[in-house]
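The structure appears right after this line, and notes come after that.
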Amino acid sequence: MRSYLADFNDRSRDLAGERQAIELDGLNAARSGFDNGRNASQLAALGSDALPINKRGKDAGSDALDIILTTVSYEELLSRTYGRLGEAEAAVEDLITLATERFEAEQARLDELEAQAAQLPDGTRVARAEDGHIYAIESGRRISDEDAATIIWRGDEPDLETIRAQEERTDAALDVLDRARTNEIRLGDIREELSDQPSRERVHELEDEIDGIVAQTESDYALLNSASIPSEVPLSVDPTAIAVPEV
13 MRSYLADFND
23 RSRDLAGERQ
33 AIELDGLNAA
43 RSGFDNGRNA
53 SQLAALGSDA
63 LPINKRGKDA
73 GSDALDIILT
83 TVSYEELLSR
93 TYGRLGEAEA
103 AVEDLITLAT
113 ERFEAEQARL
123 DELEAQAAQL
133 PDGTRVARAE
143 DGHIYAIESG
153 RRISDEDAAT
163 IIWRGDEPDL
173 ETIRAQEERT
183 DAALDVLDRA
193 RTNEIRLGDI
203 REELSDQPSR
213 ERVHELEDEI
223 DGIVAQTESD
233 YALLNSASIP
243 SEVPLSVDPT
253 AIAVPEV
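Using our numbering, you'd call the opening residue of the sequence shown number 13 and step up by one each time.
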């Protein structure tokens, strides 16, 4: 099994290395006053531009290299971008599934802890902190000694630090879910924009944005994987990878 993110990053590294080699060959050919024909065929095989648009003015420096850099068709560039977009969409979709399950599990655990907490006669849920004082869980206010004397303790109540730590895990899962949903919407916007066949420069910009979303998705997977979750809660998505069947 391989992951969308691993495959995506491997292809990006391979492409970057080939671009560097082709750029060097093109510059050498330009200095010699001829094109050895090798670069154009290599670029066509790559199915992409040899250099980003914003580097051409700085790095090309010759008519020969400019010709080489424009040998790849717009259709090939657009096709490559659509491929990256599809991988990003699949990764974000899987992340949404995992983040939803993680958030629901963490929220259920938080509700359980709060239900186990001690209460004042008026129903205010409270917990004892490490400093020995008692605090209202929701508002955080310190409970007076007089009110604390009215609490009936069972002996199995969670302390305040345990509850706060669970609140942080719940909030972290919700933040990941919100980001993933936002990225899902943005990827839909990118797909719509690509359907209008924007300029080459704009396609490169959209590729960069897709790469950024993939990086954020990878980071959020790591974040969810580092957070604890009740072991009895099953997850439909492996939190350590975005798996796809091998071809």
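Yeah, the Cβ is synthetic: ideal placement off N, Cα and C, and Gly gets one too. Values in this document were obtained by computation on a predicted structure and should not be read as measured data.
Using the C-alpha atoms, what's the distance from residue j back to residue i?
{"i": "V226", "j": "S207", "result": "21 Å"}
{"i": "D183", "j": "A111", "result": "11 Å"}
{"i": "R193", "j": "A234", "result": "17 Å"}
{"i": "A103", "j": "Y86", "result": "26 Å"}
{"i": "A127", "j": "T136", "result": "11 Å"}
{"i": "A130", "j": "E113", "result": "28 Å"}
{"i": "I155", "j": "A139", "result": "10 Å"}
{"i": "I80", "j": "E204", "result": "Note on I80: pLDDT 49, under 50, position unreliable in the model; no value is reported."}
{"i": "G152", "j": "E116", "result": "24 Å"}
{"i": "S231", "j": "G224", "result": "11 Å"}
{"i": "V191", "j": "D106", "result": "Inspection of the sequence shows that residue 191 is occupied by Arg rather than by Val. Taking the straight line from one Cα to the other gives about 13 Å."}
{"i": "A141", "j": "N195", "result": "39 Å"}
{"i": "L199", "j": "I108", "result": "14 Å"}
{"i": "L172", "j": "V215", "result": "51 Å"}
{"i": "A177", "j": "V84", "result": "54 Å"}
{"i": "I163", "j": "T229", "result": "46 Å"}
Report buried or exposed for residue i, applying the criterion of at least 16 other Cβ atoms within 10 angstroms of its Cβ.
{"i": "R43", "result": "Residue placement at R43 cannot be trusted, given a pLDDT of 44 that sits under 50; what the coordinates show is reported in the next sentence. It is exposed - the Cβ of R43 has fewer than 16 other Cβ atoms within 10 Å."}
{"i": "I197", "result": "exposed"}
{"i": "Q209", "result": "exposed"}
{"i": "R181", "result": "buried"}
{"i": "I202", "result": "buried"}
{"i": "P133", "result": "exposed"}
{"i": "E213", "result": "exposed"}
{"i": "E99", "result": "buried"}
{"i": "E169", "result": "buried"}
Less than 8 Å between the CB atoms is what I'm expecting for residue i and residue j, so what's the real figure, rounded?
{"i": "L122", "j": "V188", "result": "In fact, because the Cβ distance is near 16 Å, the residues do not count as touching under 8 Å."}
{"i": "A185", "j": "E101", "result": "In fact, because the Cβ distance is near 21 Å, the residues do not count as touching under 8 Å."}
{"i": "L97", "j": "T174", "result": "Contact doesn't hold; Cβ gap of about 43 Å is too wide."}
Let's see if you can read the secondary structure: which residues bound the beta strand (DSSP E) around residue i?
{"i": "A148", "result": "146 to 148"}
{"i": "A139", "result": "137 to 140"}
What first and last residue would you give for the alpha helix (DSSP H) that runs through residue i?
{"i": "V215", "result": "212 to 238"}
{"i": "A192", "result": "172 to 207"}
{"i": "V104", "result": "86 to 128"}
{"i": "D157", "result": "157 to 160"}
Touching by the beta-carbon criterion (3+ pairs, under 8 Å), the stretch 129 to 148 and the stretch 156 to 176: yes
Cβ contact check for the stretch 89 to 96 and the stretch 212 to 228: 3 or more pairs under 8 Å: yes
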